[in-house]
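**Student:** So that we are looking at the same thing, I have put the structure below in structure tokens.
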Amino acid sequence: MGDEGASVPAESMKECGQSRKDSTHPIASSSIKSLRIASWNVRTLYQAGKTAQLTTEMKRYRLHILGVSETHWIQCGQKTLGSGELILFSGREHNQHSEGVALVLGKYAQKSLGGWEPHGERIVLASFQTRSKNINMNIVQIYAPTNEAQDEEKDAFYDLLQEVMDKLPKKDINILMGDANAKIGRANTGYDRIMGSHGLVVVVVVVVVVVVVVQVY
1 MGDEGASVPA ESMKECGQSR KDSTHPIASS SIKSLRIASW NVRTLYQAGK TAQLTTEMKR
61 YRLHILGVSE THWIQCGQKT LGSGELILFS GREHNQHSEG VALVLGKYAQ KSLGGWEPHG
121 ERIVLASFQT RSKNINMNIV QIYAPTNEAQ DEEKDAFYDL LQEVMDKLPK KDINILMGDA
181 NAKIGRANTG YDRIMGSHGL VVVVVVVVVV VVVVQVY
């Protein structure tokens, strides 16, 4: 695993998952009034230079949190990059570099991380403290099977996703994002800010870089 074709140094890795008690700061501060979140299908992070490209785009869009689909990384864990970003990743258990999801946290978001859970190669969850003491923000990043996948695979994914979502408190800020492998048409009435008008029914959406600004007053 790793984008430079080499193994990740042991000191940059931690066990999968983290409890809420490890969080140190709420996600809102007096200097930042909102949180910038995006999701992107990168096709792979298992190539040289890919994580550098990832962090460059995060800075370009001034993102605090970036959800990533199709990392092609295996197993699960945490990786701290030299530039300071923290990657929480979840992938296949064995040496098959396909699928894979991750959440990339900037330094500000890292301070508010309350916990995270890997759920295989298609789902990863992270929770963050907010300024409201009893309300957390939960982000679920997904990479859904395509319509051509076996029914058993699709059913297993959506059953697991439903299970993960059902466990999130309704009072929290719950965000589901990622690559749903959805097919779209050209009608974008009411969605023109996030969707173009040149889609085809047979085109599959595989790349999404939409900034979601979450107010955290």
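If you count the sequence shown from 1, position 155 lands on 155 in UniProt numbering, and the numbers rise without skipping. Idealized CB from N, CA, C, for every residue including glycine.
Which first and last residues belong to the beta strand (DSSP E) in which M177 is found?
**Tutor:** Position 177 of the sequence shown holds residue 177. Looking at the DSSP string, the run of the beta strand (DSSP E) that includes M177 is I173 to D179.
**Student:** Give me the Cα-Cα distance between K21 and N181, rounded to the nearest whole angstrom.
**Tutor:** Locating residue 21 in the sequence shown gives position 21, counting from the first residue. Locating residue 181 in the sequence shown gives position 181, counting from the first residue. Because K21 sits at a pLDDT of 49, beneath the cut-off of 50, its placement in the model cannot be relied upon, and the point is left open.
**Student:** What three-state label does DSSP hand E121 in the structure shown?
**Tutor:** In the sequence shown, residue 121 corresponds to position 121, counting from 1. Three-state result, E121: strand.
**Student:** In angstroms with no decimal places, state the Cα-to-Cα distance between Y217 and V68.
**Tutor:** Counting from one through the sequence shown, the residue named residue 217 turns up at place 217. Counting from one through the sequence shown, the residue named residue 68 turns up at place 68. In this predicted model, Y217 has a pLDDT of only 42, less than 50, meaning its place in the structure is not dependable enough to derive any value.
**Student:** Once DSSP output is grouped into helix, strand and coil, what is the label at Q36?
**Tutor:** Working through the sequence shown from its first residue, we reach residue 36 at position 36. Going by the sequence as given, residue 36 is Arg instead of Gln. Correct three-state label for R36: strand.
**Student:** The beta strand (DSSP E) with V42 in it runs from where to where?
**Tutor:** For this step, residue 42 is matched to residue 42 along the sequence shown. Note, V42: premise wrong, no beta strand (DSSP E); not H, not E.
**Student:** With H, G and I counted as helix, E and B as strand and the rest as coil, what does DSSP make of H198?
**Tutor:** Here residue 198 corresponds to residue number 198 of the sequence shown, with the count starting at 1. If DSSP states are grouped into helix, strand and coil, H198 belongs with coil.
**Student:** Between F128 and K59, what straight-line distance do the alpha-carbon atoms span, to the nearest angstrom?
**Tutor:** Counting from 1 along the sequence shown, the entry for residue 128 is found at position 128. Counting from 1 along the sequence shown, the entry for residue 59 is found at position 59. If you take the alpha carbons of F128 and K59, they lie about 21 angstroms apart.
**Student:** If you reduce the DSSP assignment to three classes, tell me which class Q150 lands in.
**Tutor:** Numbered from 1 along the sequence shown, position 150 holds the residue referred to as residue 150. DSSP places Q150 in coil when its eight states are reduced to three.
**Student:** Classify S34 as buried or exposed, calling it buried when 16 or more other Cβ atoms lie within 10 Å of its own Cβ.
**Tutor:** What you label residue 34 is simply residue 34 of the sequence shown in a count that begins at 1. The residue is exposed, with fewer than 16 neighbouring Cβ atoms inside 10 Å.
**Student:** With DSSP collapsed to three states, give me the class of A156.
**Tutor:** Position 156 of the sequence shown holds residue 156. Of the three classes helix, strand and coil, the one that applies to A156 here is helix, per DSSP.
**Student:** Taking the alpha carbon of W73 as the reference point, which residue from L160, R43 and I65 has its own alpha carbon closest?
**Tutor:** Within the sequence shown, the letter at position 73 stands for residue 73. It is R43.
**Student:** Going by beta-carbon coordinates alone, are V104 and I123 separated by less than 9 angstroms?
**Tutor:** Residue 104 sits at position 104 when you count from the first residue of the sequence shown. Residue 123 sits at position 123 when you count from the first residue of the sequence shown. In this structure, I123 does not lie closer than 9 angstroms to V104 by Cβ.
**Student:** Please tell me whether C76 and P118 are closer than 9 angstroms, where the distance is taken between their beta carbons.
**Tutor:** Counted from its first residue, the sequence shown places residue 76 at position 76. Counted from its first residue, the sequence shown places residue 118 at position 118. Contact flag set, yes.
**Student:** Can you name the residues that DSSP bridges to S83?
**Tutor:** Locating residue 83 in the sequence shown gives position 83, where the first residue counts as 1. For S83, which the question treats as bridged, DSSP gives no partner whatsoever.
**Student:** Could you tell me whether the Cβ atoms of N41 and Y108 are closer together than 9 angstroms?
**Tutor:** Residue mapping note: residue 41 aligns to position 41 of the sequence shown, counting from 1. Residue mapping note: residue 108 aligns to position 108 of the sequence shown, counting from 1. Not closer than 9 angstroms, so no.
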